[in-house]
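Heads up, the thing below is written out as structure tokens.
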DNA sequence: TAGATTGTTAATCGATTAACAATC
DNA sequence: TAGATTGTTAATCGATTAACAATC
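Chains as they are written, first to last, in the working numbering: chain Y, 1 to 214; chain C, 215 to 428.
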């Protein structure tokens, strides 16, 4: 289902593991800012509400980054996780949909995500086109393909209404995007070669309701 | 770790199951709008990229909602899932942080989430106070406790910078909120009686990078 | 009746946690 | 050396999927 084992550099990393790496990275960056140079799986587990054994196991999938009896060097581990997540080189990102959510994300992005950079923004609404968003000019949808190829965009973000999301996804795929982060409340269909993550804010909120008393 | 088995109405429902219920609900609502009256686990699985057996099993935790040989009645299943998720009665929600993300969510909310309603919004920035957000007036933080009690707010949404998130969470907890949806990129600590969901947009995006080729 | 599809049990698969030898 | 902590194996736990009797 994976289409053959690429380079077999890593055996078979589960999604759960990959999703925890950014969490580790973020906390390590905090430690780094505070000039903390060493951290144990114990410390990490405590702060992140995770089992220390799990953290060690997660990291061990990718190499031996720690020192027995000591722990992990913060700077070194940051470097390694950034490599694993491919955040050690610039990843150009495009965004479609310049509503509140789109604007929120491009601000977020402007200073938060090391090496992921929104390089083009699009909107289907003629009135929004030509407007400015975080130093970028909002472009019409018809320019999407060309702009994506020109900037070598690898990841697309969808912040449009559900009814338009599949259409936008198709255009992203057509233009050669490798990954999509979809905020529209709908399951979009793409070829197996394209990875989709679904940030489902409504589902997040509704599932929270389940845990209310009575 | 759960503090005893409450009413034992349901045996022990996993988080994974609960997170899928809103997905089912949303698609069922779409069918309902299209006047589709019956749906099979097969159909659902196809549209939602899930195994039909899993869908049947998920639903079976809560009762026998289908008819053998026929499938599920769309309207009836909607009603049942809404009950399970406690969306059959109004759930008042408060939001702290009226930046782009906060504004995006309150718009979203205004028309999307059946029976979850943002009834109060707050900001720490004096300049934002008194402003209007989706028919609500932005209130200062000092009014949070009183407003939450007055409106019987049960869920709090945090859309403030990481540095302030724990503080806001504390105030939510203090005021008696039962669940928190946290958008700040930090793990917040709350008593076990309060449920926290973490919508980690940065992590979502960064983990996507892992799946890029090369 | 024949065909379809549920609810549920059993089988499989995968992820988390515990335990501990290795070693800094 | 004694204490601490990793990397890793084994044990446990939990979730997904397959299979099928029941039945509409």
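We treat Cβ as the ideally placed atom computed from N, Cα and C, and that holds for glycine. No experiment lies behind these values; they were computed from the predicted model shown.
Notebook entry, point to check: Can you tell which of 191/Y, 96/Y, 131/Y has the C-alpha that lies nearest to the C-alpha of residue 147/Y?
Noted result: 96/Y
Margin query: Please classify residue 49/Y as buried or exposed, where buried requires at least 16 other C-beta atoms within 10 Å of its C-beta.
Written below: exposed
Check: Relative to the alpha-carbon of residue 435/C, which residue among 336/C, 358/C, 356/C has its alpha-carbon at the smallest distance?
Finding: The structure shown does not extend to residue 435/C, since chain C is modelled only from 215 to 428, so the question has no answer here.
Check: Can you list, in chain order, the residues of its chain whose CB lies under 6 angstroms from that of residue 412/C, leaving out five sequence neighbours each side?
Finding: 396
Check: Three or more C-beta pairs closer than 8 angstroms, one from the region 78-88 of chain Y and one from the region 17-32 of chain Y: is that the case here?
Finding: yes
Checklist line | Three-state class that DSSP yields for residue 237/C in the structure shown | finding: helix
Check: Within 10 angstroms of its Cβ, does residue 46/Y collect 16 or more other Cβ (buried), or is it exposed?
Finding: exposed
Margin query: When you compare the CB of residue 210/Y with every CB in chain C, is at least one pair closer than 7 angstroms?
Written below: yes
Margin query: Tell me the residue span of the alpha helix (DSSP H) that contains residue 99/Y.
Written below: Counting along the chain, residue 99/Y falls outside any alpha helix (DSSP H), and DSSP gives it neither H nor E.
Notebook entry, point to check: beta strand (DSSP E) containing residue 185/Y: first to last residue?
Noted result: Looking at the DSSP string, residue 185/Y is not in any beta strand (DSSP E), and its letter there is neither H nor E.
Check: What residues in its chain sit with their C-beta under 7 angstroms from that of residue 404/C, if we drop five residues either side in the sequence?
Finding: 383, 387, 394, 410
Next item on the list: Sort 257/C, 402/C, 307/C, 371/C by Cα distance to residue 331/C and report the nearest one.
Entry: 307/C
Item checked: Cα-Cα separation, residue 74/Y to residue 414/C -> 22 angstroms
Item checked: Alpha-carbon spacing of residue 177/Y relative to residue 421/C, whole angstroms -> 16 angstroms
Next item on the list: Hey, could you find the ends of the beta strand (DSSP E) residue 370/C is sitting in?
Entry: 369-372
Notebook entry, point to check: Quick one: does residue 79/Y have its CB under 7 angstroms from some CB of chain C?
Noted result: no
Item checked: Any chain Y beta carbon closer than 7 angstroms to residue 321/C -> yes
Margin query: Am I right that residue 402/C and residue 380/C are in contact with their C-beta atoms under 8 angstroms? What's the rounded C-beta distance?
Written below: 5 angstroms
Check: So is residue 95/Y in contact with chain C if we call contact Cβ pairs under 7 angstroms?
Finding: no
Notebook entry, point to check: Per DSSP, residue 411/C is paired with what?
Noted result: 395/C
Margin query: Please report the straight-line C-alpha distance between residue 159/Y and residue 51/Y, rounded to a whole angstrom.
Written below: 35 angstroms
Check: Tell me the DSSP bridge mates of residue 92/Y?
Finding: 117/Y
Item checked: Closest by C-alpha distance to residue 431/C, when choosing among 314/C, 280/C, 319/C -> Nothing in the structure corresponds to residue 431/C, since chain C is present only between 215 and 428.
Margin query: Quick check: the Cα distance between residue 104/Y and residue 134/Y, rounded to an integer number of angstroms?
Written below: 10 angstroms
Check: What is the DSSP secondary structure of residue 350/C, counted as helix, strand or coil?
Finding: strand
Check: Taking Cβ positions only, does residue 174/Y come closer than 7 angstroms to chain C?
Finding: no
Checklist line | Residues of its chain near residue 338/C, where Cβ-Cβ distance is below 6 angstroms and the 5 sequence neighbours each way are ignored | finding: 355
Next item on the list: Please classify residue 368/C: is it buried, with 16 or more other beta-carbons within 10 angstroms of its beta-carbon, or exposed?
Entry: buried
Notebook entry, point to check: DSSP on residue 416/C, reduced to helix/strand/coil?
Noted result: helix
Margin query: Please state whether the Cβ-Cβ distance between residue 77/Y and residue 114/Y is less than 7 angstroms.
Written below: no
Notebook entry, point to check: Is the beta carbon of residue 245/C less than 7 angstroms from the beta carbon of residue 253/C?
Noted result: yes
Notebook entry, point to check: Using a Cβ-Cβ distance under 7 angstroms, would residue 413/C count as near chain Y?
Noted result: yes
Item checked: Which of helix, strand or coil DSSP assigns to residue 8/Y -> Reliability of the predicted coordinates at residue 8/Y is poor, the pLDDT of 39 falling under 50, and no value is obtained from them.
Checklist line | Residue-chain proximity (residue 267/C, chain Y), Cβ-Cβ < 7 angstroms | finding: no
Next item on the list: Taking only the alpha-carbon atoms, compute the straight-line gap between residue 149/Y and residue 175/Y and give it to the nearest angstrom.
Entry: 7 angstroms
Notebook entry, point to check: Quick one: is residue 230/C buried, meaning 16 or more other Cβ sit within 10 Å of its Cβ, or exposed?
Noted result: exposed
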